[in-house]
Amino acid sequence: MRTTQVSTRRWVLAATVLASSMTFIDATVVNVALPALQTNLHATITEVQWVIEAYALFLGALILVGGSLGDQFGRKRVFLAGLVIFAGASIFCGLAPSASALIAGRALQGIGAALLVPGSLAIISATFDDADRGRAIGTWSGFSAITTAIGPVTGGWLIEHASWRAVFFLNVPLAVVVLVLSLRFMDESRDPSRTARIDWAGAGLAVLGLGGVVFGLLEWPPLGAGHPLVVGALAIGTLSLILFVVVERRAANPILPLSLFKSRAFTLANLLTLLLYAALAAIFFLVPMNLIQVQGYSATEAGAALLPFPLIMFALSRWSGGLVARIGSTLPLAIGPAIAALGVALLARPGIGGSYWTTFCPAIVVLGFGMAITVAPLTTTVMGAVEREHAGVASGVNNAVARVAGLLAVAVFGLVLVRTFDARVRPSLDRLPLTVSERAAIDRELPKMAGADVKAPVKRAITEAFVPAFRVVMAGSAGVALAAALFGALLRGKR
4 MRTTQVSTRR WVLAATVLAS SMTFIDATVV NVALPALQTN LHATITEVQW VIEAYALFLG
64 ALILVGGSLG DQFGRKRVFL AGLVIFAGAS IFCGLAPSAS ALIAGRALQG IGAALLVPGS
124 LAIISATFDD ADRGRAIGTW SGFSAITTAI GPVTGGWLIE HASWRAVFFL NVPLAVVVLV
184 LSLRFMDESR DPSRTARIDW AGAGLAVLGL GGVVFGLLEW PPLGAGHPLV VGALAIGTLS
244 LILFVVVERR AANPILPLSL FKSRAFTLAN LLTLLLYAAL AAIFFLVPMN LIQVQGYSAT
304 EAGAALLPFP LIMFALSRWS GGLVARIGST LPLAIGPAIA ALGVALLARP GIGGSYWTTF
364 CPAIVVLGFG MAITVAPLTT TVMGAVEREH AGVASGVNNA VARVAGLLAV AVFGLVLVRT
424 FDARVRPSLD RLPLTVSERA AIDRELPKMA GADVKAPVKR AITEAFVPAF RVVMAGSAGV
484 ALAAALFGAL LRGKR
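Residues 4 to 498 in this note's numbering are what the sequence shown lists, from first letter to last.
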């Protein structure tokens, strides 16, 4: 009986790992595919950002609803619903005829992932007892990382030999395997205390608030800070977020239970998550573009260049999963983000050209080591800071924080990138002997930044302007990661 129970738990763990990996793969694979789809769909840098942001917006805003739905109506049921939506949306993205259609498909993927992701960790918490939960979460983190590692390399190969569209179809066979394992081995679980209606008002305000702020930040560079659309979007977004907090304080069954933040450990761990994952989002958005469009890497080479990060996390996952039980959370959650900050800072070193082994590789190795120390203890700390029956909500909040961090980071650092790039590139172009018509054509291409389709002298000016802008963003991201380490140092105890 014991052997059968252990075997069942392993298959449940495998299903949750693969399901989570689908959402992680789409984060990394899509970043590698961005240069190719930008060329194929003639997308501007703002549209490319929206390919990332549409997914992150609905995932970040609705993941709290996903956790609540799972706790109330059954985690397995909601988990499988999210799986079907995500797989269907992936097929839609693969068939998208335009940038607008792709953005819509990514938004639908985000909705599916919002049901899928919180269920993964909540199901693990419901399946494993206290003694095994830490290592199970560590295994989840590690295998999710290694599956994610395969994604960019496989996706890069598909981009080169088939199409960027093929990267979205990677999710389909994974979804089939998860469906079979879940139906065969996964038991239903729920939080019996959650019987009230879902807080749809809070969910709507979260989407409107985050969407307004992100829309305003993304449209700021092309339209200008004083444009009515930018000002209006930022104002509506900010007001909606304020109303969101007010509604959540009064709601009988809020999607964001503010009472959870009475736990000091839960609050600090989520602040750490916000800052650290903001830094990571900036990296995984810009580094593949730098490698492909500036350094001249192929899509496969760019995917392989990121491999040290997930491989190191995989190799150290079970070890780091047991760190909290052995030495507590304070030390790993202070040292890990600090090491990660060093890795981010090292990404600001490379210029144009040079060996991968002396430019990008050291930074990615250091970043991977820092994250390996951090991720499993962070997840274990978050889940251990609340009562077990609230695991779905706690998982949803922490995942929402991570996704919102990425959502805001791409918008804010994207604004910094565009502003810095424009300040560098325009004086360089002014010095080139260009006719009025040539300059007008170049100006139309500039919103694509390093992906602009221009001749060699102009391309050189653009890439030489992109590198300093990239360095500014990396330096800012390193500062954000270092701030995360400060919150980690403040953690004491479980509750």
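By construction, the Cβ of each residue, glycine as well, lies at the ideal position given by its N, Cα and C atoms.
Owing to the predicted nature of the structure, the values given are computational and were not obtained by experimental measurement.
Rounded to whole angstroms, the separation of the alpha carbons of Glu56 and Ala117 is 14 Å. Per the Cβ contact rule, the segment 374-388 is in contact with the segment 259-275 (3 or more Cβ pairs under 8 Å). Counting only runs of at least 4 residues, the segment 158-194 fully encloses the following alpha helix (DSSP H) elements, listed from N- to C-terminal order: 174-188. In this structure, the alpha-carbon of Gly325 lies about 8 Å from that of Pro380. With a 10 Å radius around the Cβ and a threshold of 16 neighbouring Cβ atoms, Lys79 comes out buried. Under the three-state reduction of DSSP output, Gln298 falls in the coil class, being neither helix nor strand. A check of alpha carbon separations from Thr47 across Gly69, Ile106, Gln75 and Pro257 identifies Ile106 as the nearest. Setting aside the 5 residues that flank it on each side, Leu370 is surrounded in the same chain by Phe312, Ala343, Gly346 and Val347, each with a C-beta closer than 7 Å to its C-beta; the list follows chain order. For Ala468, the uninterrupted alpha helix (DSSP H) run begins and ends at Ala459 to Ala492, by DSSP. In the DSSP assignment, Arg252 falls within the unbroken alpha helix (DSSP H) covering Pro231 to Arg253. Cβ contact annotation for Ala453 (same chain, cutoff 7 Å, sequence separation greater than five): Met292, Gln296, Val297, Ile465, Thr466 and Phe469, in chain order. Pairing Leu208 with Arg434, the inter-Cα distance amounts to about 49 Å. One alpha carbon belongs to Gly240, the other to Trp14, and they sit about 42 Å apart.
Rounded to whole angstroms, the gap between the alpha carbons of Ser10 and Ala18 is 13 Å. Considering only Pro257, Ala228, Leu489 and Gly299, the residue with the shortest C-alpha distance to Asn273 is Leu489. Ala351 and Val183 have their alpha carbons spaced roughly 45 Å apart. With a 10 Å radius around the Cβ and a threshold of 16 neighbouring Cβ atoms, Pro224 comes out buried. With fewer than 16 other Cβ atoms inside 10 Å of its own Cβ, Leu261 counts as exposed. Spatial neighbours of Glu163 in its own chain (CB-CB distance under 7 Å, excluding positions within 5 residues in sequence) are listed in chain order as Ser301, Ala302 and Thr303. Across the set Tyr58, His45, Ala397 and Arg12, the C-alpha of Tyr58 shows the shortest separation from the C-alpha of Val33. The Cβ atoms of Ser185 and Gly212 lie no closer than 8 Å to each other. DSSP places Ala388 outside both helix and strand once states are collapsed to three, so it counts as coil. Within a 10 Å sphere around the beta-carbon of Leu98 sit fewer than 16 other beta-carbons, which makes this residue exposed.
Secondary structure note for Tyr280: its alpha helix (DSSP H) is the uninterrupted segment Arg267 to Met292. Cys364 and Ala308 have their alpha carbons spaced roughly 7 Å apart. Between Ala305 and Trp167, the C-beta spacing is not below 8 Å. Every unbroken stretch of the alpha helix (DSSP H) spanning 4 or more residues and falling wholly within the segment 305-385 is given here in chain order: 311-324, 326-330 and 333-349. In the three-state DSSP reduction, Thr47 falls in the coil class, being neither helix nor strand.
Ala228 sits in coil when the DSSP states are folded into three classes, being neither helix nor strand. In the pairwise beta carbon analysis, the segment 434-444 is classified as not touching the segment 415-425: fewer than three pairs are separated by under 8 Å. The continuous alpha helix (DSSP H) containing Ile126 extends over residues Ala102 to Thr130.
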